[in-house]
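Data block below; observations after.
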């Protein structure tokens, strides 16, 4: 029996049980679901970035074939339906709060980005809806678009409520102490970096199917969401003013999110509204162009960094001034990403006695910017790790040694940073050492010389990152401006035969929760994994939960499941004590059996389950029948995964092509439940990071047109862009959750861009190249080489 | 897409009848460009005449040339023993177009008739002194490509086959656009007894073109070193997000050097 437990349990690389349906094309996504009488919605979108709407004529569209309704912003306003809300705000330096302009479901008076929804056409078929939309005549008075976010304060005002196009001007840390450190420093390393704008590109485009039941006046919404309960809360409480019980939200199989499916978008709300208006189910599915234009984008920062060093090359201060682009409207977590999830990470893995940061969040005539895999932490890690590498080179130290002397020592935990966070545990030298060993760091110069013989420039670069994830203690979230709790829920139902149904508030859109969560339950109860079913994504089935983002599902959701299982075990012991006629204190639970200590008297878990539901011999006077427990877990701190990634590249000077030739990733995620799934997450994260560093760039022209609105121009990473990754681990188990787990979903995307850009710069350092912006495209690298050669020639 | 009529005739003469019966009809070959265009509502033809049933997909050895039917799919060219033996560079080119799905739908004739400035095939047509056979005439490669997305084809003229001259040596090397993987610069070099032809695709504002200076240099010395001293002009080269004219000029020289082996 022991063997079975080990095969399925925590720490086993069990194959993903959910993959059979995905790999055989049997996944059931929102767009796969159809309801009788269903009609299709199509959104007419603005093709100009910034304009007043003088008039909209929908007459011809109303009478077009198949059309059942054409609606504009005035219809939404007449029904007093609210728009999406901002879920987290921060205070400004001048004492004011974040400026929150309204975001109407359909444009009212003004359009603010290319893709802003102006009208919705509902018709029998999508083609009819599209044809009718072509008949709508919108008369625009075009205004100057604001695209350059760094100088957005000088541009035309986009919202009445947002003076100087600045949503917020936030600060964190001790400015005077930091400036003093910079003034007194032996050396100040200065660097300006840009974090390029990215399009999330989930494989499944967003989709919504809303249905209204006029008999009990309730709605059902199928939607592509990472957090169906939050979607229900926002729609019910803030948009439609209906009881939550009158809205069921189902997020069935969801094909990737990367953050972009956290928020409530206007399209799903309009479908809900229109389903009642029309009295028929309304479906909308984005095509890829709409996904590019209207999914929230990610990143888009510029950061000015000053790192102060003393005579011994120890860091004594860090100042970071950031301007970030939040786009046309404030999306749900757009404010927290560049502030709380960015500024608080600026200490990295380093003991920095003084830190100050200022972040300005700007409005522009581009689509909203919000969380994208890593959300704030990649931006913090990028600026810090680029600066660490630059500083090491400037002071003539090996980058690894420069990091090492500045690491927070392992005996300093719990470590209070100067930017609010307190790291519970960590040990940074082991993952640095191991990553260096994995990539054979000490022999790198031999490889560089060998490459040079072939005419290639070879470089190596590293990044020692930290991230805060497992969002997070609710009280801390509240104190920092968050408007939601950040606990997670679980309900564990033991069925009469001893099989288990787990209902989780987390949501899986690719992460493999059905496998990982089942392993936790199987391990704790000593039963085979196939006896455990995981249910998620339906507000009528699962307890209220916060969904999945910020690498929180295992640390928060898994911990809730663990707690619920503990309650099951405690109650089962009471039942076992009764059946075995022993004292509860004498009952031991091990390997799926309840044993009276020191005897051979035992009851299997299945027998206890049956007794609970067929309570013929049961302590009914002191114990309720049944075996089902809920748990809500509110973490006491963030979890802090860390690690070191080292990239090795070769650059062909004739073309500027950067080839990633080797990669070592050594991460500390605490305990691993399913190492294979963790490794997959690391691979995927690095792939996205390589995409950011070498390939991806969302580019708006000066008129606010997205030039990279298809795969013809937006470059996604492909398998042949990636090396084989060497993946390793160290482990300092999290101190404040039962499982000792941290989070692994975002780490790869956080760690990899600076490692790769550091490697590119290192490769070109013999030419005198000291900087390179992302993405390091062939053209850009070639140009840098040309310019360095022309400088050399002068 | 807008709804439209679809006809699949069994011969080119029937196809011509069919297209004449429509107002603004379009021939449909592999549809690798036309179908996405229709799906995005960027075109609204009165009808589509699918010529995949017109028996235009043979490959034959004509002595000095390999003749390939217009509806031959890229995958068939890539896998053809005849092509691989006589003009391996052409098989290599076909094997590098798009992805597997595209290669199993896209056709030689469709690509050449469309004359996309980033397509691979036009460079082979131009470098391999190809003859484009239509339902009315035979057109020499040098006369065929008349500008970006422009050819000598007249209304209701169908490409039936293309004959590629067998070179003594040839090679095709492309630098793909990182995003689309179309040719950002593709160079087809072909050596014949009477000289070398170098055709460049992906780079010219006027579509595919021959490069006279490189042809002259390689005709006198078929060696990459012969190109070292050449300055490649960036005039007339495409400028876009991914490559400036100067970068494209550099890639033209570099890809040509790599093609000459």
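Chains as they are written, first to last, in my numbering: chain A, 107 to 900; chain B, 3 to 263. The beta-carbon is built from N, C-alpha and C at its ideal position, and this holds for glycine as well.
Listed by chain order, chain B residues near residue i by CB distance under 7 Å
i	result
residue 878 of chain A	What residue 878 of chain A touches in chain B: nothing, since even the nearest Cβ is about 16 Å away.
residue 865 of chain A	Chain B residues near residue 865 of chain A: none, gap ~18 Å exceeds 7 Å.
residue 818 of chain A	181, 182
residue 805 of chain A	243
residue 813 of chain A	243
Beta-carbon proximity check, residue i vs residue j, cutoff 7 Å
i	j	result
residue 221 of chain A	residue 151 of chain A	yes
residue 284 of chain A	residue 425 of chain A	yes
residue 368 of chain A	residue 655 of chain A	yes
residue 409 of chain A	residue 470 of chain A	no
residue 872 of chain A	residue 799 of chain A	no
residue 167 of chain A	residue 120 of chain A	no
residue 536 of chain A	residue 716 of chain A	no
residue 209 of chain B	residue 166 of chain B	no
residue 668 of chain A	residue 844 of chain A	yes
Beta-carbon neighbours of residue i, restricted to chain A and to distances below 9 Å
i	result
residue 45 of chain B	What residue 45 of chain B touches in chain A: nothing, since even the nearest Cβ is about 14 Å away.
residue 177 of chain B	761, 763, 884
Minimum Cβ-Cβ distance from residue i to chain B less than 7 Å
i	result
residue 390 of chain A	no
residue 111 of chain A	With a pLDDT of 43 at residue 111 of chain A, under the threshold of 50, the modelled position of this residue cannot be trusted; read the value that follows with caution. No, because no Cβ of chain B sits closer than 7 Å to the Cβ of residue 111 of chain A.
residue 107 of chain A	Note that residue 107 of chain A scores a pLDDT of 36, beneath 50, so its modelled location is shaky and nothing firm can be said.
residue 760 of chain A	yes
residue 821 of chain A	yes
Option nearest residue i by Cα separation, candidates the options
i	options	result
residue 585 of chain A	A:500, A:547, A:527	A:527
residue 885 of chain A	B:261, B:249, B:262, B:256	B:249
residue 725 of chain A	A:753, A:696, A:785, A:677	A:677
residue 13 of chain B	B:25, B:29, B:24	B:29
residue 579 of chain A	A:662, A:559, A:649	A:662
residue 533 of chain A	A:836, A:808, A:703	A:836
residue 376 of chain A	A:769, A:176, A:246	A:176
residue 520 of chain A	A:322, A:880, A:841	A:841
residue 67 of chain B	B:164, B:99, B:231, B:158	B:164
residue 423 of chain A	A:281, A:169, A:542	A:281
residue 177 of chain B	B:168, B:33, B:190, B:70	B:190
residue 52 of chain B	B:73, B:45, B:65	B:73
Test: residue i CB closer than 7 Å to a CB of chain A
i	result
residue 340 of chain B	Absent from the structure is residue 340 of chain B, since the part of chain B shown begins at 3 and ends at 263.
residue 93 of chain B	no
residue 192 of chain B	no
residue 249 of chain B	yes
Within chain B, partners of residue i - CB distance below 9 Å
i	result
residue 801 of chain A	180, 181
Start and end residues, alpha helix (DSSP H) containing residue i
i	result
residue 328 of chain A	From DSSP, residue 328 of chain A is part of no alpha helix (DSSP H) but of the beta strand (DSSP E) over 324-329.
residue 391 of chain A	Premise fails: residue 391 of chain A lies in the beta strand (DSSP E), 388-391, not in any alpha helix (DSSP H).
residue 667 of chain A	665-685
residue 227 of chain B	Counting along the chain, residue 227 of chain B falls outside any alpha helix (DSSP H), and DSSP gives it neither H nor E.
residue 510 of chain A	505-512
Residue i at chain E interface by Cβ criterion, 7 Å
i	result
residue 254 of chain A	Absent here is chain E; the protein component of the structure consists of chains A and B.
Beta strand (DSSP E) segment containing residue i, residue limits
i	result
residue 793 of chain A	Not the beta strand (DSSP E): residue 793 of chain A falls in the alpha helix (DSSP H), residues 781-796.
residue 363 of chain A	Neither: residue 363 of chain A is in no beta strand (DSSP E) and is coded neither H nor E.
residue 91 of chain A	In the structure displayed, chain A extends from 107 to 900; residue 91 of chain A sits before or after that span and is not available.
residue 772 of chain A	763-774
residue 124 of chain B	Element bounds for residue 124 of chain B: not the beta strand (DSSP E) but the alpha helix (DSSP H), 123-129.
residue 151 of chain A	145-151
8 Å Cβ cut-off: residues of chain A touching residue i
i	result
residue 76 of chain B	Per Cβ cutoff of 8 Å: no residues; residue 76 of chain B is ~19 Å from chain A at best.
Proximal chain A residues relative to residue i, where beta-carbon distance stays under 7 Å
i	result
residue 245 of chain B	885
Partners in chain B for residue i, counting only beta-carbon separations shorter than 8 Å
i	result
residue 236 of chain A	43
residue 888 of chain A	249, 252
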